[in-house]
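Asks: Numbering (the numbering used here), first residue to last: 1 to 334.
Here you go, one structure.
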């Protein structure tokens, strides 16, 4: 990486967040048109981020009542009405000026439960769909299919009652996301650089006597210090010794690392500007590796290199897996 993470006054740097936001929304709009959709209703938290919206807390990930409405030909999506006095969120995200109108977009449990209150569920879903339909009518899109990324029985029934045609919207949004822009590639590389640095901090500290929890903590501290905004850790994959194979939970535990152990560390889900890593390394701790450990590692290395060489435009993930399986029957098909 030639540049650091921040904009500066003394040189032009390639990362331009405003350009990235605009290009991502333009790709999503083009995908709506390509797939013949009038709109997309998106509940997935990362789709919100892709379309320029970042709500105030990560807990919304697991409370899937929060949605955005992307209407074909209308630029940025409609998002939740401002929760604060003084139009705070519009000041923070001015590209949503005039779009913060959704009163039924709430971080709640509407998509995953409350089965003991079915009448409440029906009523809330009807309100949600009525608000969506009103905006579709405003823009003349009410007769076109509406794509949704996540559904529930009550939501689908509410769309039917409102006379709206719904379909799977994941294909359209995935089509938009698939090809990365210049700025997205920068963010992916920077996420890798940050994670690489965390691996180095683990390398310096790793020794017999540490627990798997402590290893995850060392990595997490380094990541936050270098600008990671979100971690899936401390549920990083940290597996040591006898726990480093299949059939055990792939998360850190209080197991104490011993001399000669192999330690597998996957610093996964590290987010930089919404772009994430899944960065594995294996370390031998406190002793030289045995001949058997060397042979296993060499086998894995050769398989990884074969996979890397097989990846090219036009192939599928199944093609990549087929190349891997030529080297033997590995548990789990990895």
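Positions of the beta carbon are idealized from the N, C-alpha and C atoms, including for glycine.
Assess, as a yes-or-no matter, whether the region 70-84 is touched by the region 181-192 under the definition of 3 or more beta carbon pairs within less than 8 Å.
Replies: Short answer: they don't touch.
Asks: Anyone know if the C-beta pair for residue 240 and residue 257 falls short of 8 Å?
Replies: In contact: residue 240 and residue 257 (Cβ atoms closer than 8 Å).
Asks: So who's on the other strand from residue 69, going by DSSP bridges?
Replies: Its beta-bridge partners are 41, 78.
Asks: Starting from residue 262, follow its DSSP beta bridges and name the residues at the other end.
Replies: Paired residue(s): 284.
Asks: Taking 8 Å as the cut-off, does the region 152-172 touch the region 212-232 (at least 3 CB pairs, one atom from each stretch)?
Replies: The region 212-232, when compared against the region 152-172, does not touch it at the 8 Å Cβ threshold.
Asks: Considering residue 240, what are the terminal residues of the beta strand (DSSP E) in which it resides?
Replies: Segment 237-240, the beta strand (DSSP E) holding residue 240.
Asks: Would you say the region 295-308 touches the region 40-52, given that touching needs at least three Cβ pairs under 8 Å?
Replies: The region 295-308 is not in contact with the region 40-52.
Asks: Quick one: measure Cβ to Cβ for residue 149 and residue 42, integer angstroms, because I've assumed they're closer than 8 Å.
Replies: With 8 Å as the limit, residue 149 and residue 42 qualify as a contact, their Cβ atoms being about 5 Å apart.
Asks: Could you check which residue in 250, 230, 177 has the C-alpha nearest to that of residue 212?
Replies: Nearest of 250, 230, 177 to residue 212, Cα basis: 250.
Asks: Residue 307 by DSSP, collapsed to three states: which one?
Replies: Residue 307 falls in the helix class under three-state DSSP.
Asks: When we look at the beta-carbon of residue 333 and count the other beta-carbons within 10 Å, is it buried (16 or more) or exposed?
Replies: Its pLDDT being 46, under 50, residue 333 is placed unreliably by the model, and nothing is read from it.
Asks: So, are the CB atoms of residue 191 and residue 280 less than 8 Å apart?
Replies: Taking 8 Å as the Cβ cut-off, residue 191 and residue 280 do not qualify as a contacting pair.
Asks: Cα-Cα, which of 7, 77, 55 is closest to residue 22?
Replies: Comparing Cα positions, the closest option is 77.
Asks: Return the chain-ordered list of same chain residues with a C-beta closer than 8 Å to the C-beta of residue 201, the five sequence neighbours on each side being excluded.
Replies: 218, 219, 221, 222, listed in sequence order.
Asks: Buried or exposed: which applies to residue 14, given that a residue is buried once 16 or more other Cβ atoms fall within 10 Å of its Cβ?
Replies: Classification for residue 14: exposed.
Asks: So what's residue 152 in DSSP terms, helix, strand or just coil?
Replies: Of the three classes helix, strand and coil, the one that applies to residue 152 here is coil, per DSSP.
Asks: By DSSP's criteria, residue 230 is part of a beta bridge. Which residues make up the other side?
Replies: Answer by DSSP bridge pairing, in chain order: 271.
Asks: In terms of residues, what are the limits of the alpha helix (DSSP H) holding residue 178?
Replies: Its alpha helix (DSSP H) spans residues 170-178.
Asks: Just the C-alpha distance for residue 308 and residue 131, rounded to the nearest angstrom, thanks.
Replies: The alpha-carbon atoms of residue 308 and residue 131 are separated by roughly 48 Å.
Asks: What's the C-alpha gap between residue 146 and residue 26?
Replies: About 18 Å.
Asks: Short of 6 Å in beta carbon distance, which residues of its chain neighbour residue 144, apart from the five on each side in sequence? Order them along the chain.
Replies: Contacts found: 38.
Asks: Please check the pair residue 206 and residue 120, which I expect to be a contact at CB under 8 Å, by giving their CB distance rounded to whole angstroms.
Replies: Not quite, the Cβ-Cβ distance comes to about 52 Å (not below 8 Å), so this is no contact.
Asks: When we look at the beta-carbon of residue 215 and count the other beta-carbons within 10 Å, is it buried (16 or more) or exposed?
Replies: That one is buried.
Asks: Candidates 90, 94, 79: which alpha carbon is nearest residue 102's?
Replies: The candidate whose alpha carbon is nearest that of residue 102 is 79.
Asks: Compute the Euclidean distance between the alpha carbons of residue 8 and residue 16, then round it to the nearest angstrom.
Replies: Each residue's alpha carbon lies about 12 Å from the other.
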